[in-house]
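Only one structure is covered here, and it is reproduced in the block below.
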Amino acid sequence: MRGTLSDRMGAALLMAPLLLFLLLAYAWPFLGVVKWSVTLPTPGLGQYGALATDALVQSVFIRTLRIALIVTVVSVAAAYAITMVWVRGSPAQRIVAEFCILVPFWISVLTRAFGWVALLSNRGLINTWLQSIGFISEPLALVRNEFGVIVGMTHFLIPFAVFPLASAMRSLDERVLLAARGLGSSRMRTFWTVFVPMTRSGIIGSAMIVFVFSLGFFVTPAVLGGGRSVMIAELIYLRIFQSPDWGLGAAISVVLVLFVGALMAVLFRYVRPKQLI
Amino acid sequence: MPTYRPGPVSLILAVLVALFLLLPLLAVIPVSLTPSRMLAMPTGELSLRHYRSLIEDPRWLDAILLSIRIGIVSSVISTVLALCFSLGVWMFQPRFTAALVGFVLLPMVVPPVVSAITLYFLLTSISGMSSFFGYDTWLGVAMAHSVMTVPFATVLILVSLSQLDRRIDLAARGLGASVWERATRIIMPNIKFGIVTAALLSFVLSWEEIGVTLFITSVNAITLPRLMWMGLRDNIDPAIAALSVILIIITVLMLAARSVVVKARGS
């Protein structure tokens, strides 16, 4: 069926516009960014050398990794609990769980970050309430620090962690669970020794998605970190727009892409892409 | 129906997670009703002044109109490009399909900040050649948004094509239909739900795009998220709370409408 001349022509004509568009508007300018990283301000690998020695850049890298790890563990655990109800609960429970997952999922990252500002800031809901009942006299610092960033990112990423878990929980073999219960295993024991191991691919997939997303996160850390808890993506922004050092910003970007690419390669050795949806 | 149901511990944990997910969305409601000019909880009286300022302040209206225009243009571009590409993949199954699809999906998997600096490079390079298509122009933003949304549109259209029965296309082909006729009269009518969904998703993603927009605009092409961003960073403007409430209500209504449509199609 494949291979006749007109077939190949047809395929080429249909596929060419998008491929050309992305070559010109994405692949070519990415090479331009790579070029920045080795030519600005002076030609050579100086910017990559600076990455390895600059104390500020390193502290930002370490903070990003730390935040990404915490966010990954918390998001996957929280997503596991709500996915359990979404996939395996009663019909009414499922509808409520679906609502709680999909509504935040479709609301923009800015609105959600702002929601946390409204809750956590000095004059926000939580501090106003705690002060009005006399529990605290000074507002707690809940935002413009790492705590706020972690809360906001976890909130953003839980729905993304849900989907791979849901697909793993839907496709497992019911009979194994019945057998475990039938042989007298308790609820808790069945959960930890049978159910959780059977959803392993979902856990790995969801942890990888959350971790990769966290590494390049920009909006939530910038809004809830208030410039104090800068992560890699915000550092790139600052190097491009505030203390113009395009070479360094470009070099950080290239390192970030390589790092994420390596992580994805590892991911796809363990999980098939179809299991992530 | 699953036989293994969540126990009381999972239910309690799930309720806590659900509260955590909904809380920030509910928190914007009281803030939007504050009579104060700064971000604060209302004490005593409520006011709709921040809702009124959304209509009366031309900056908000301009930003909304600009976001709609950019959303429509970028959604049309990315849906058309994604549709042609997906038809090519499905009808001809060319060699290297996996690699080509992987290339098209790159803007979806590369960290957004890297896409942002890439598109910043592109648009600042174009700016030298043309004054209405480069950095900080609405056409430039629309093009950048198309790059970012086209992978999502492609995935949706490819998924709906994968559910299509190849035999109807083979029958049309056996009866002598041309490639154009097969595409427009056989295949496209069967995946129109997927095409419409792709166009809607592209529009929504463009409408709320901020990561890339922040890098490629400064003073002229101020989209709605860009304006929200400016009001969030320095002195927090409670009008953002009013706008957030409206956006949340629209989202809930759209999701409700979608579940009605899905139910109607299912029965």
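Protein sequence lines correspond, in order, to chains A and B. So for the first sequence, the numbering used here puts the first residue at 173; every next one is plus one. So for the second sequence, the numbering used here puts the first residue at 2; every next one is plus one. The beta carbon of each residue, even a glycine, is placed where N, CA and C say it ideally should be. This one's a predicted model, so the numbers in the text were calculated from it and none came from an experiment.
Item to check | Cα-Cα separation between residue 420/A and residue 391/A, rounded to whole angstroms | outcome: One-based indexing of the first sequence puts residue 420/A at position 248. One-based indexing of the first sequence puts residue 391/A at position 219. Between residue 420/A and residue 391/A, the C-alpha separation is close to 21 Å.
Next on the checklist: Can you find the residues in the same chain that come closer than 8 Å, C-beta to C-beta, to residue 266/B, ignoring five residues on each side of it along the sequence?
Outcome noted: In the second sequence, the residue the question calls residue 266/B occupies position 265. Apart from sequence neighbours up to five positions away, the residues of its chain that approach residue 266/B with a beta-carbon distance below 8 Å are 194, ordered along the chain.
Checklist entry - Measuring CB to CB, does residue 256/A end up less than 9 Å from residue 15/B? => result In the first sequence, the residue the question calls residue 256/A occupies position 84. In the second sequence, the residue the question calls residue 15/B occupies position 14. Less than 9 Å separates the beta-carbon of residue 256/A from that of residue 15/B.
Next on the checklist: Using a Cβ-Cβ cutoff of less than 8 Å, which residues in the same chain neighbour residue 249/B once the five nearest sequence positions on both sides are dropped?
Outcome noted: For the purposes of this step, residue 249/B is taken as the residue at position 248 of the second sequence. In its chain, beyond the 5 residues on either side, 26, 29 have a beta carbon closer than 8 Å to the beta carbon of residue 249/B.
Next on the checklist: Within 9 Å of any Cβ in chain B, is that where the Cβ of residue 180/A sits?
Outcome noted: For this step, residue 180/A is matched to residue 8 along the first sequence. Chain B, which has a Cβ nearer than 9 Å to the Cβ of residue 180/A, makes this yes.
Item to check | residue 380/A versus residue 265/A: straight-line alpha-carbon distance, rounded | outcome: Residue 380/A sits at position 208 when you count from the first residue of the first sequence. Residue 265/A sits at position 93 when you count from the first residue of the first sequence. Annotation: residue 380/A to residue 265/A spans about 28 Å, alpha carbon to alpha carbon.
Checklist entry - Residue range of the alpha helix (DSSP H) that residue 378/A falls in? => result Position 206 of the first sequence, counted from the start, is the residue given in the question as residue 378/A. Taken as a continuous stretch (DSSP letters only), the alpha helix (DSSP H) holding residue 378/A covers 372 to 387.
Checklist entry - What number of angstroms, rounded off, separates the C-alpha of residue 61/B from the C-alpha of residue 135/B? => result Sequence index remark: in the second sequence, residue 61/B carries index 60 (1-based). Sequence index remark: in the second sequence, residue 135/B carries index 134 (1-based). C-alpha of residue 61/B to C-alpha of residue 135/B: approximately 24 Å in a straight line.
Item to check | N- and C-terminal bounds of the alpha helix (DSSP H) containing residue 59/B | outcome: As a first step, residue 59/B must be located in the second sequence, where it is residue number 58. Per DSSP, residue 59/B belongs to the alpha helix (DSSP H) from 59 to 93.
Checklist entry - Roughly how many whole angstroms lie between the Cα atoms of residue 165/B and residue 188/B? => result Here residue 165/B refers to the residue found at position 164 of the second sequence. Here residue 188/B refers to the residue found at position 187 of the second sequence. Straight through space, the alpha carbons of residue 188/B and residue 165/B are spaced by roughly 8 Å.
Checklist entry - Do you know whose CA, among 376/A, 306/A, 329/A, 423/A, lies nearest residue 439/A's CA? => result As a working note, residue 439/A is residue 267 in the first sequence. Considering only alpha carbons, the answer is 376/A.
Checklist entry - What does a CB cutoff of less than 6 Å around residue 302/A pick up in its chain, not counting 5 residues either side in sequence? => result Against the first sequence, residue 302/A aligns to sequence position 130. If we look at residue 302/A and ignore the five residues flanking it on each side, its Cβ neighbours are 308.
Checklist entry - What residue does the alpha helix (DSSP H) around residue 204/A start on, and which one ends it? => result As a working mapping, residue 204/A is identified with position 32 in the first sequence. Element bounds for residue 204/A: 200 to 211.
Item to check | Exposed unless 16 or more other CB atoms sit within 10 angstroms - verdict on residue 221/B | outcome: Here the question's residue 221/B lines up with position 220 in the second sequence. Flag for residue 221/B reads exposed.
Checklist entry - In chain order, what residues of the same chain have a beta carbon less than 7 Å from the beta carbon of residue 84/B, not counting five sequence neighbours either side? => result To locate residue 84/B, count along the second sequence from 1; it is residue 83. Only 158, 196 meet the Cβ criterion.
Item to check | residue 230/B - containing alpha helix (DSSP H), residue span | outcome: The residue you call residue 230/B lines up with position 229 of the second sequence. Taken as a continuous stretch (DSSP letters only), the alpha helix (DSSP H) holding residue 230/B covers 225 to 234.
Next on the checklist: Please confirm whether residue 5/B has its beta-carbon closer than 9 Å to some beta-carbon of chain A.
Outcome noted: Taking the first residue of the second sequence as position 1, residue 5/B is located at position 4. It does; some Cβ of chain A falls within 9 Å.
Item to check | At least 3 beta-carbon pairs within less than 8 Å: the region 76 to 93 of chain B vs the region 196 to 209 of chain B | outcome: Contact between the region 76 to 93 of chain B and the region 196 to 209 of chain B is present, because at least three Cβ pairs lie under 8 Å.
Checklist entry - Name the chain B residues whose beta carbon is nearer than 9 Å to that of residue 205/A? => result Counting from one through the first sequence, the residue named residue 205/A turns up at place 33. At a C-beta separation below 9 Å, residue 205/A has these neighbours in chain B: 115, 118, 119, 121, 122.
Next on the checklist: I'd like to check one pair, residue 258/A with residue 240/A: are the Cβ atoms closer than 9 Å?
Outcome noted: Sequence index remark: in the first sequence, residue 240/A carries index 68 (1-based). Sequence index remark: in the first sequence, residue 258/A carries index 86 (1-based). No; because the gap between Cβ atoms is not below 9 Å, this pair is not in contact.
Next on the checklist: Quick check: the Cα distance between residue 56/B and residue 42/B, rounded to an integer number of angstroms?
Outcome noted: Within the second sequence, the letter at position 55 stands for residue 56/B. Within the second sequence, the letter at position 41 stands for residue 42/B. Between residue 56/B and residue 42/B, the C-alpha separation is close to 22 Å.
Item to check | residue 242/A to residue 149/B span [Cα, whole Å] | outcome: Counting from one through the first sequence, the residue named residue 242/A turns up at place 70. Counting from one through the second sequence, the residue named residue 149/B turns up at place 148. Distance between the alpha carbons of residue 242/A and residue 149/B is about 28 Å.
Checklist entry - For residue 402/A, is the classification buried or exposed, using 16 other Cβ atoms within 10 angstroms of its Cβ as the cut-off for buried? => result As a first step, residue 402/A must be located in the first sequence, where it is residue number 230. Burial call: buried.
Checklist entry - Between residue 155/B and chain A, is there a C-beta pair that is closer than 9 Å? => result Counting from one through the second sequence, the residue named residue 155/B turns up at place 154. Cβ-Cβ to chain A under 9 Å: yes for residue 155/B.
Next on the checklist: Closest to residue 98/B by C-alpha separation, out of 183/A, 195/A, 361/A, 325/A, would be which residue?
Outcome noted: Working through the second sequence from its first residue, we reach residue 98/B at position 97. For residue 98/B, the nearest C-alpha among the options comes from 183/A.
Next on the checklist: Our contact map puts residue 429/A next to residue 115/B with C-beta atoms below 8 Å; I'd like the distance itself, whole angstroms only.
Outcome noted: Along the first sequence, one-based indexing puts residue 429/A at 257. Along the second sequence, one-based indexing puts residue 115/B at 114. About 5 Å separates the beta carbons of residue 429/A and residue 115/B, which is inside the 8 Å limit, making them a contact pair.
Checklist entry - Residues of chain A with CB under 9 Å from residue 190/B, in chain order? => result Taking the first residue of the second sequence as position 1, residue 190/B is located at position 189. Ordered by position in chain A, no residue passes the 9 Å Cβ test against residue 190/B, which lies about 18 Å from the chain.
Next on the checklist: Just to make sure I have the definition right: I need the residues of chain B whose C-beta is within less than 8 Å of the C-beta of residue 201/A. Which are they?
Outcome noted: For the purposes of this step, residue 201/A is identified with residue 29 of the first sequence, where counting begins at 1. For a Cβ distance threshold of 8 Å, residue set 119, 120, 122, 123, 126 of chain B lies close to residue 201/A, ordered along the chain.
Checklist entry - Comparing the C-beta of residue 236/A with each C-beta of chain B, is any distance below 9 Å? => result Along the first sequence, read from residue 1 onward, the residue named residue 236/A stands at position 64. For residue 236/A, no CB of chain B lies under 9 Å from its own CB, so it is not counted at the interface with that chain.
Checklist entry - For chain B, is any of its Cβ atoms less than 9 Å away from the one on residue 362/A? => result Position 190 of the first sequence holds residue 362/A. So, interface residue.
Checklist entry - Buried or exposed: which applies to residue 235/A, given that a residue is buried once 16 or more other Cβ atoms fall within 10 Å of its Cβ? => result Translated into positions along the first sequence, residue 235/A becomes position 63. So residue 235/A ends up on the buried side.
Checklist entry - Count the other CB atoms within 10 Å of the CB of residue 167/B; is the residue buried (16 or more) or exposed (fewer)? => result Locating residue 167/B in the second sequence gives position 166, counting from the first residue. Exposed, since its Cβ has fewer than 16 Cβ neighbours within 10 Å.
Next on the checklist: Under 9 Å, Cβ to Cβ, is there at least one residue of chain B near residue 213/A?
Outcome noted: For the purposes of this step, residue 213/A is taken as residue 41 along the first sequence, with counting starting at 1. For residue 213/A, the closest Cβ of chain B is not nearer than 9 Å.
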